[in-house]
Every structure is written in C-alpha cells, then in structure tokens.
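The working numbering applies: residue 219 is where the sequence shown begins, and numbers increase by one.
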Amino acid sequence: MKKVVIIGSGINGLVAANYLAKNGYQVEIIEKKTFTGGACIKDTVSIDNKKVDFAYGATVLGMMPDFIFNETGLSKKIHAYYPKNPKLVYFNGEETSTKIYQDNDRLEKELKHKWGETGKVNEFRNDENKVVEFIQKLYRNATSPSIELANQFLGKELTSLWISGTAKDLLDHYFSSEKAKLYMGMTVIESGPASIYDPGTAFTIPLMDSGSIFDGYWGFVKTGIWKITENLTEINKELGVKFYLESNIKEVDSSKQSILFSKNNKDTKLNYDHLIFATDPITPSKLIKDFENQNSLDLIGTSGKVTAFFKNPVRWKDANNYSDSFRFIFSVDSLEDFENASQKALKNNGDYFPGFIQIYPEGSAQRNMDNHEDYDKLIFFTKNLSFDKKADNVSDIKDRIISKVIPHIENPEDIVFSKFLTPMDLNETFLFPEGNIDHITLTGNQNYEKRTFSNNKDNFYSYHEYDNIFYCGAGSFPCGSVAGTPGYMCSKQLMRSITKK
Ligand SMILES: Cc1cc2nc3c(=O)[nH]c(=O)nc-3n(C[C@H](O)[C@H](O)[C@H](O)COP(=O)(O)OP(=O)(O)OC[C@H]3O[C@@H](n4cnc5c(N)ncnc54)[C@H](O)[C@@H]3O)c2cc1C
C-alpha cells in the first residue's frame, strides 16, 4: 500500500486525503494547529452570556465543484442553499439598488435603465458560460490548464479576451458604462491588489463563477461553512485517514523520504512514498532540507472582514423582502478610481482605500434554513486594507466600514458587537503569507496556467523539481476558496503519475 503524507488539514488537504484514502492509499495528515479546517473554521463570542458561533475565516460557499460535494460524502451531511433573489448594488449615495437579476434579459433591461448600459450584457454572460464550462471540464478531468487547450476549446479570440488578456480589455469589450464594468470586474482584487491592466487578470472574472455546487452562484451552509471541514474530517477518519494535530515539523528530508516532527515534546519520524503540501506555498520551501528557490512571489493580501452581530433581525431600508440577497456597496464610481485605490493599497500608501464592500446576510440565510440563532449576523467583506496593521490598531477603519453600511439599515442601534480582521490578523490567525486569502495574489503572472510550482510539464501539482512532492494549497490552480479543487486535481494527478510508471 502506497503511503501519502499530507501536510495541512485545510479544505484542500482534506479533499486530497478523501480521494486518496478511497483509492487504497494509506494517508496520514500532519497539522500544526490543535484543530483541522485551516481557514474554514468557527470562532465563538459571548454576548450577554449567550455564546454565538460565527465563521472566523471563510463565510460563503460557491466555488466547490458539485462532484466534490457529492463524491466526498459531504452532500449527505450538509444542508446548503443559495439565494434566488437578485444581488443588490449601491454606488455612492444611492439609496435604492440596481438589481442583478439571474435572468439575462431582465438584467440587460435593468442595467440599461439604471446605469445607461448599452453594451453586450447577454453576450458577456453567454461567453462567460462557455469559459466556465471549459474550466469545469479541466476540474472534473483534473487536466492541467494550458493556453493550447483553451485555444482548442474556446478559440483564439475568447482565449485572449478571457484568459490571457487584461481585465480592462475584457470589460471594455462588453460594456459601455463604468458601473457595469466595476460590478462585473470587481473580483479582480478578490484576494489582493491585482491590476486590471495586468495581462492574465481577465481570467479571475470567470474563475469566481466557476463553482458548480450552486451553478456558479454563492450561498450558505446551515449552522456555518465550518461544517464542511468539520464533517470532512470525520468522513476521512472513518476512511482510515490518520491525523497528527499540534505537530511541529522540523525537517523534510527528500532524499530519505522522511519527515521529522515533534508532538507533545516527543520527536516522531514518518516515511512517505508521496508527500503533499496542502499549506501556503512558502511553507514547503522552508521545510524541505537543501531546497533552494530563486522565484519570488506576489503575496500581498488586502482583504479583510467585519462580522457585525445584531440583537434583532436586520431591517433593510431598501428591498427588505430580499433579506438573504448579497449586497455590494461601492465607494468608487469609475474603473480608474477602482484601480487607483487598489494600487495605493499595494504600495501601502495608507491604511485603507475604500473600493467596495460585499455584504453577506448570514443571519437571514440561517433563518431560511430553519436555524434560528440569538443574534443576526452580517459580514462586511472589504478590500484595499493595508497588510501591515492589526485590527486593534486601526479600529477607526472598522468604524468607517460599518458606517458605510449603516445608512442602508433601519435598525443600526441593534448592533451589539463587531469583530474586525485585517490582512495582518489573517496572517497571524491562519498563517497566510502577507494575509492573502488565496495564499498568493491572483495577479496575471499567478493565474491560470501560471498558477503552478512545478518544473515538470506532465505534473502540474508537483513541487519544483521533486517527482514525489506535491503542492495543492490555495496558491495552486485554480485558486483559494472552500472548494477543494486543487486538492482533488492534485490527488488525481498523483495517482495518474503512479499508474504511468
Ligand atoms: C477572512 C477570510 C474570508 C474568506 N472568505 C471566503 C469565503 O467566503 N468563501 C470561500 O470560499 N473562501 C473564502 N476564503 C478563502 C478560503 O478560506 C481559503 O482560500 C481556503 O480555506 C484555503 O484552503 P487551503 O486548504 O488551501 O489552505 P488553509 O485553509 O490555509 O489550510 C492550510 C493548513 O495547513 C496548516 N499548516 C500550515 N503550515 C503548516 C506546517 N508547517 N505544518 C503543519 N501544518 C501546517 C495550517 O494550520 C492549515 O490548517 C476566506 C479566507 C479568509 C481568511
């Protein structure tokens, strides 16, 4: 029986372990922390002596392929759904929203009416669907991404627009209004300050819609998203996966295929046939003995999160009947201002350059899933924060974020507590390099076929020159998120590399 050791028990380590264990591999996971889950975990606060759980890192589910949800066994344990109501968008000073309908014709009419959009809204959605269908095929077959394959499947024009091109060119091609460009292009800075002028950034736009669990949309898990990693840990234990928690790895000796780690002050040595790092990509470079890496990576993360707790259900001034809709509040009105804000954050020219805030109505969604909690919860996911300050030192920024949302709410006096995390907190809490939620920034140079650490053309997930060391954390293709796609693709490619020998 071949033995695979996996370092890291976030969603990707857990998904890789699941597929390998089911295919007859002996799997052992070494985890630094006292618990599994990585950035998909809960935290608990006590308000008026009532304990409330909330999503500490990741909050919403959307990028997971439906086959991973089903094949791992998660679908039998998890209740999840996505809102069918339109998403709601507010630009500076707007009290009523523009509605992002799921129906294309309705959306086209709304954008024309509200934003004066006269471009190709329908064509954008249709072309995006073709790109998404292509990427989903790569996921399912665990096929390494390449420009050649994209050209074959999509043709040269769509490939250069949607995959190798700049986000700016893609948006200019389909849309006439600045507001439509901003809304459709905002995910370019999802994890960090990628420039819309950078070739390869166009790909982030379809990438964020490429999950199939909710048909490209984003939604909620009953109780909280951490139930995904909690349940997968239990499923894996039943499959025989062995976990070493609270373990401090001292060294990986690639020539002897062994790992030395200490747990409870006792040293343990494990041998492996194959080793997978399901961590950030800097960790293997530090742990592998004699490893020399000349490559530098764009790491900077500028995303942060405020969780606000309300003692009564939130009442929205606009569209309260759509209480489970995602809402987006923009502080910029043009692509140029959007770019300037994110690039100032990259240069660390200040502590916060407002771009847009995504609002996740977690409490309303929980009630829709028949989970009635003592407090309502809203999450404000924010961009363009400096990456070198802890939340405790920039509480004025938390107040600015909350005060941007408050004018839209009837009952702001019901906020009883809020918790803020900056990129530096994410670095300390989740060990993300420079606080990046995708482990490395989704710049053009680290997107699609370039999101790999392999020197081996046939093995996209192998780590540099090593044949039996792999990397499948959020820094590998396709990207971060609670999806497990890199973990799945890596495990499949690992198994294939053995069959080939
Ligand atoms: C605030 C925040 C909000 C987010 N929001 C969302 C969201 O709403 N939806 C979404 O889909 N995604 C979201 N994300 C992103 C998502 O959570 C991550 O991309 C994803 O969880 C990464 O999974 P992973 O398995 O690749 O890595 P991780 O979850 O980072 O797991 C890596 C594991 O490796 C362990 N490890 C590291 N070093 C070592 C070592 N030396 N030895 C042993 N173990 C080690 C770590 O402790 C960790 O358990 C968010 C992230 C954050 C932080």
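Every residue gets a Cβ at the ideal spot worked out from N, C-alpha and C, and that includes glycine. If you're wondering where the values come from, they're calculated on a predicted model, not measured in any experiment.
Whole-angstrom C-beta distance between ALA526 and PHE438, which should lie under 8 Å: Looking up residue 438 in the sequence shown gives position 220. Looking up residue 526 in the sequence shown gives position 308. Between ALA526 and PHE438 the Cβ distance is about 16 Å, and since that is not below 8 Å, they are no contact.
Sequence-distant residues of its chain with Cβ nearer than 6 Å to PRO531 (five each side left out): For the purposes of this step, residue 531 is taken as the residue at position 313 of the sequence shown. Only ASP594 meet the Cβ criterion.
Which residues DSSP lists as bridging LEU488, in chain order: By 1-based counting over the sequence shown, the position of residue 488 is 270. According to DSSP, LEU488 bridges with ILE477.
Whether MET281 touches SER409 by CB criterion (8 Å): The count along the sequence shown starts at 1 and reaches residue 281 at position 63. The count along the sequence shown starts at 1 and reaches residue 409 at position 191. Cβ distance not < 8 Å, so MET281 and SER409 don't count as in contact.
Proximity winner among LEU596, HIS590 and PHE548, relative to GLY573 (alpha-carbon distances): Locating residue 573 in the sequence shown gives position 355, counting from the first residue. Cα-wise, what sits closest to GLY573 is PHE548.
Length of the line joining the Cα atoms of PHE598 and ASP569: Along the sequence shown, read from residue 1 onward, the residue named residue 598 stands at position 380. Along the sequence shown, read from residue 1 onward, the residue named residue 569 stands at position 351. Each residue's Cα considered, the two are about 17 Å apart.
Selected residue, minimal CA-CA separation from ASN654, among LEU517, LYS302, ALA398 and TYR462: Start at 1 with the first residue of the sequence shown, and residue 654 comes out as number 436. Considering only alpha carbons, the answer is LEU517.
Three-pair Cβ contact test at 8 Å for the region 221–241 versus the region 694–708: yes
Beta-carbon proximity check, ASN230 vs CYS697, cutoff 8 Å: Start at 1 with the first residue of the sequence shown, and residue 230 comes out as number 12. Start at 1 with the first residue of the sequence shown, and residue 697 comes out as number 479. In this structure, CYS697 does not lie closer than 8 Å to ASN230 by Cβ.
DSSP state of ASN538 mapped onto helix, strand, coil: Mapped onto the sequence shown, residue 538 falls at position 320. Helix at ASN538.
CB contact flag (PHE393, GLY519, <8 Å): Here residue 393 refers to the residue found at position 175 when the sequence shown is read from its first residue. Here residue 519 refers to the residue found at position 301 when the sequence shown is read from its first residue. Cβ distance not < 8 Å, so PHE393 and GLY519 don't count as in contact.
Beta-carbon proximity check, PRO417 vs GLY702, cutoff 8 Å: Counted from its first residue, the sequence shown places residue 417 at position 199. Counted from its first residue, the sequence shown places residue 702 at position 484. Not in contact: PRO417 and GLY702 (Cβ atoms no closer than 8 Å).
Reduced DSSP secondary structure (H/G/I, E/B, other) of ARG545: To locate residue 545, count along the sequence shown from 1; it is residue 327. When secondary structure is reduced to three states using DSSP, ARG545 falls in the strand class.
Nearest neighbour of ILE431, chosen from PRO301, VAL222, SER694 and ASN241 [CA to CA]: Taking the sequence shown and counting its residues from 1, one reaches residue 431 at position 213. Ranking the options by Cα distance to ILE431, first place goes to PRO301.
From LYS240, SER227 and SER514, residue whose alpha carbon lies closest to that of LYS220: Counting from 1 along the sequence shown, the entry for residue 220 is found at position 2. Residue LYS240 is the option with its Cα nearest to LYS220.
Under 8 Å between C-beta atoms of ILE247 and SER227: Within the sequence shown, the letter at position 29 stands for residue 247. Within the sequence shown, the letter at position 9 stands for residue 227. Yes, these two residues count as a Cβ contact at 8 Å.
SER552 versus TYR243, MET587, LYS374 and ALA398, residue with shortest Cα-Cα distance: One-based indexing of the sequence shown puts residue 552 at position 334. Closest option to SER552, Cα to Cα, is ALA398.
Pair within 8 Å by beta-carbon distance, VAL245 and VAL459: Translated into the one-based positions of the sequence shown, residue 245 becomes position 27. Translated into the one-based positions of the sequence shown, residue 459 becomes position 241. For VAL245 and VAL459, yes; Cβs fall inside 8 Å.
Secondary structure of ASP471, DSSP reduced to three states: Counting from one through the sequence shown, the residue named residue 471 turns up at place 253. Strand.
GLY383 burial status per 10 Å Cβ neighbour count (16 or more: buried): Counting from one through the sequence shown, the residue named residue 383 turns up at place 165. Looking at its Cβ environment, which holds 16 or more other Cβ atoms inside 10 Å, GLY383 is buried.
Proximity test, LEU712 beta-carbon vs ligand 1 heavy atom, cut-off 7 Å: In the sequence shown, counting from the first residue as 1, residue 712 sits at position 494. The answer is no for LEU712.
Per DSSP, cross-strand counterpart(s) of GLY522: Here residue 522 refers to the residue found at position 304 of the sequence shown. Bridge partners of GLY522: THR600.
Cβ-heavy atom distance, VAL524 to ligand 1, below 7 Å: In the sequence shown, residue 524 corresponds to position 306, counting from 1. No.
Cβ distance (whole Å) where ASP160 is taken to contact LEU379 below 8 Å: Examination of residue 160 is not possible in this model, given that the chain is present from 219 through 719 alone.
SER680 (DSSP reduced to helix, strand or coil): The count along the sequence shown starts at 1 and reaches residue 680 at position 462. Three-state DSSP puts SER680 in a strand.
Given LEU279 as reference, the closest of GLN370, TRP444, PRO424 and LEU329 once Cα atoms are compared: As a working mapping, residue 279 is identified with position 61 in the sequence shown. The residue with the shortest Cα to Cα distance from LEU279 is TRP444.
Proximity of ILE296 and ILE446 at Cβ, strictly below 8 Å: For the purposes of this step, residue 296 is identified with residue 78 of the sequence shown, where counting begins at 1. For the purposes of this step, residue 446 is identified with residue 228 of the sequence shown, where counting begins at 1. Cβ atoms of ILE296 and ILE446: closer than 8 Å.
Span of the alpha helix (DSSP H), counted from its first residue to its last, around VAL263: By one-based count along the sequence shown, residue 263 stands at place 45. That residue, VAL263, is in no alpha helix (DSSP H); its beta strand (DSSP E) goes 260–265.
Interface flag, SER680 vs chain D, CB-CB below 8 Å: As a matter of chain content, chain D is missing from the structure shown, which is built from one protein chain.
At least three beta-carbon pairs within less than 8 Å, the region 635–652 to the region 607–615: yes
Runs of alpha helix (DSSP H) wholly within the region 412–446 (minimum 4 residues, chain order): 422–425
Contact test: LEU505 Cβ vs ligand 1 heavy atom, cutoff 7 Å: Taking the sequence shown and counting its residues from 1, the one referred to as residue 505 is at position 287. Answer for LEU505: yes, Cβ within range of ligand 1.
First and last residue of the uninterrupted alpha helix (DSSP H) at ALA583: In the sequence shown, counting from the first residue as 1, residue 583 sits at position 365. Taken as a continuous stretch (DSSP letters only), the alpha helix (DSSP H) holding ALA583 covers 580–586.
Cβ-Cβ distance between PHE571 and LYS562 below 8 Å: Position 353 of the sequence shown, counted from the first residue, corresponds to residue 571. Position 344 of the sequence shown, counted from the first residue, corresponds to residue 562. Yes; because the gap between Cβ atoms is below 8 Å, this pair is in contact.
Residue from ILE500, LEU488, PRO502 and PRO579 whose Cα sits closest to the Cα of ARG533: Working through the sequence shown from its first residue, we reach residue 533 at position 315. Nearest C-alpha to ARG533: PRO579.
Neighbourhood of THR422 by C-beta distance below 6 Å, restricted to the same chain and skipping five residues each side: The residue labelled residue 422 in the question sits at position 204 within the sequence shown. Once the five neighbours on either side are set aside, the close Cβ partners of THR422 are THR405, VAL406 and LEU660.
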